[in-house]
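Below is one structure; the comments refer to it alone.
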Amino acid sequence: MTKSRVNSRPSAMLRARWKVRLAKAVLRALGWQLRGTLPPQFWRSIVVVKAPKPWQCKALAWTLPVVVRPLNGLAREEWLHATAQGFAKGEASIVFTHATDPQLEDIAAHAREAKGRIALCAFEPQRKFVHMHAPFKASPFPDRDVHYMRRYFKHFRFD
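Each number in my numbering corresponds to the 1-based position in the sequence shown with 1 added.
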C-alpha cells in the first residue's frame with residue numbers, strides 16, 4: 002500500500018519523539034499541566050499563542066511534534082511569505098500575540114491565504130496550565146474567526 006501524498010511532509014521536519022517527551026517532562030517537572038497538542042497530520046498550521054512571557058512560546062515549540070517557525074518580528078509583507086515557505090518545507094508556524102483584534106484579523110487572513118489551519122494555545126500562569134486547542138480551518142469570514150479566537154482566549158486569566 003502506498004502512502005498518500007495529500008498531507009505528506011518531509012520526514013525530517015518531525016521532531017524526534019525523545020525530544021518532545023523530554024520537553025514535556027521538563028514542563029511537568031516545573032509544575033505546568035499540558036492539555037492537547039498539535040497532531041503531526043496538521044503540520045500546515047499557524048499556532049497562535051497568547052502567553053504572558055516570551056519563554057513560554059519557546060517552551061511550547063519544543064513540546065510540539067513538528068518543527069515550528071516563529072513569525073514574530075516580521076513585517077506584514079514577510080509574514081505570508083514566511084508561512085508559505087515554512088509550509089513548503091513541512092514546518093508549522095508559531096506566533097506570539099496579545100490577541101488584539103487587528104492581530105487576530107491578520108492571523109486569520111494569513112492562514113486563509115496560506116491555506117493553513119489555526120491552532121490556538123493559551124498559558125494560564127496562576128494555575129500553571131497550558132491548553133492547546135484543536136486546529137481549525139480559516140473560514141471565508143474573518144470576522145467569525147476573530148470572534149471565535151477572542152471567545153477562546155477570554156476563558157483564560159492572564160493576570
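C-beta atoms are modelled at their ideal positions from N, C-alpha and C, and glycine is treated no differently. This one's a predicted model, so the numbers in the text were calculated from it and none came from an experiment.
Distances from the alpha-carbon of tryptophan 44 to those of Cys122, Phe88, Met133, Phe124 put Phe88 closest. When Cβ pairs closer than 8 Å are counted between the two stretches, the region 135 to 145 is seen not to touch the region 56 to 68, the count staying below three. When rounded, the separation of the alpha-carbon atoms in lysine 155 and leucine 23 is 30 Å. When DSSP states are grouped into helix, strand and coil, leucine 35 belongs to the strand group.
Beta-bridge annotation (DSSP): phenylalanine 88 is not paired with any residue. With distances taken between CA atoms, valine 50 lies nearest to Gln104 out of Gln34, Gln104, Ala83, Lys90.
Taking glutamine 127 as reference, the option from Arg18, Gln34, Lys25, Arg16 with the minimal CA-CA separation is Gln34. Judged by DSSP secondary structure, leucine 61 falls within the alpha helix (DSSP H) whose first and last residues are 55 to 64. In this structure, Arg118 is the residue among Arg118, Phe124, Lys129, Arg158 with its C-alpha nearest to the C-alpha of aspartate 146. Taking a cut-off of 8 Å on C-beta distances, the region 53 to 64 touches the region 15 to 29, as three or more cross pairs fall below it. A direct Cα-to-Cα measurement between histidine 99 and valine 48 gives close to 13 Å.
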